[in-house]
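The opening position of the sequence shown corresponds to residue 35 in the working numbering, with each subsequent residue numbered one higher.
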Amino acid sequence: MTKNKAKLIIFTGPSGVGKGTMLADFFKRVDNKIVYSVSCTTRAPRDGEINGMHYFFISKEEFEQMIKEEQFLEHACYSGNYYGTNNKFVDEKISQGKSVLLEIELQGALQVMKKRPDAITIFIKPPTFEELENRLRGRHTETEAAIQKRLAAAKEELKNIDKFHYIIENDIVDKAVDKLIKIYNKETK
Ligand code: ADP
Ligand code: 5GP
């Protein structure tokens with residue numbers, strides 16, 4: 035008999051490594067015992083991004099109000115914008131027996147590791163730094179200045195890779211997602 039164990043899963047990796055691509059595939063392939071935590075952000079939506087699905091797009095003032103009200107499990111300023119995870123959503127889902135996946139950057143990941151030492155932590159790394167840069171540029175979603183900030187953040191993130199339980203190299207998406215599913219099953223079933 036298998037028993038489902040609701041876990042908090044931190045999913046981190048530099049911008050452009052392919053986290054969004056992997057997760058789109060992952061959520062098509064797994065059961066409904068895991069949910070994606072939709073973050074709040076002050077960054078502008080990209081073409082095709084839907085409010086409430088990709089992010090809750092809110093103003094800086096609204097975000098700062100939510101910080102004051104302690105509505106975030108973690109929050110960080112990344113590349114000039116705020117990003118944060120809603121406390122209540124995470125607690126509700128876990129208490130309903132669902133695992134929750136947080137797709138967050140390093141500073142937020144470190145905050146959650148402190149507050150929730152039982153969280154499972156996964157870092158997605160690129161095959162090479164050059165390939166990361168190619169992917170980030172190839173996405174055509176950021177200005178040159180934003181790309182430079184994200185690459186600088188990526189260097190810091192990669193230095194902290196050893197703090198994570200699992201490291202997955204996203205070389206071929208399918209294979210990387212296979213590994214992610216194995217980890218998910220091992221940790222929750
Ligand atoms: P992130 O969510 O980590 O910022 P994305 O999922 O947006 O990254 O991926 C960045 C770009 O890299 C996208 O254009 C995506 O299609 C591409 N990409 C993702 N994974 C791979 C891969 N394994 N090989 C080649 N290109 C990839
Ligand atoms: P993007 O602007 O490309 O969607 O996201 C930029 C970075 O912010 C990514 O590394 C992404 O994982 C991270 N991020 C998204 N949501 C959150 C969040 O709620 N908290 C933190 N700390 N980082 C987040």
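In this text, a Cβ means the ideal position worked out from N, Cα and C, and glycines have one as well.
A distance of 9 Å or more separates the beta carbons of LEU185 and ARG150. Fully enclosed beta strand (DSSP E) runs of no fewer than 3 residues occupy 115-120, 133-137 and 154-159 of the segment 113-165, in order along the chain. ILE68 sits in a strand when the DSSP states are folded into three classes. Taken in chain order, the unbroken stretches of beta strand (DSSP E) that lie wholly in the segment 38-114 and span 3 residues or more are 42-46, 68-70, 73-75, 89-91 and 106-112.
Sequence-distant Cβ neighbours of TYR70 in its own chain, meaning closer than 6 Å and more than five residues away, are LEU135.
Look at which beta carbons fall closer than 5 Å to any heavy atom of ligand 1; those residues are SER49, GLY50, VAL51, GLY52, LYS53, GLY54, THR55, ARG169, ARG173, ASN204 and VAL207. In the structure shown, GLU221 adopts helical secondary structure according to DSSP, grouped into three states.
Three or more pairs of CB atoms, one per stretch, sit closer than 8 Å, so the segment 142-161 contacts the segment 190-204. Not one heavy atom of ligand 2 is found less than 8 Å from the C-beta of ILE156.
Counting along the chain, ILE202 sits inside the beta strand (DSSP E) bounded by residues 200-203. In this structure, THR75 has its beta carbon less than 8 Å from a heavy atom of ligand 2. For the pair of segments examined, the segment 75-86 was found not to touch the segment 125-134: the number of CB pairs separated by less than 8 Å stays below three. Distance from the C-beta of GLY86 to the nearest heavy atom of ligand 2 is not below 8 Å. Between ILE101 and HIS109, the CB-CB gap stays under 9 Å. At the C-beta level, THR177 and ILE68 stay beyond 9 Å of one another.
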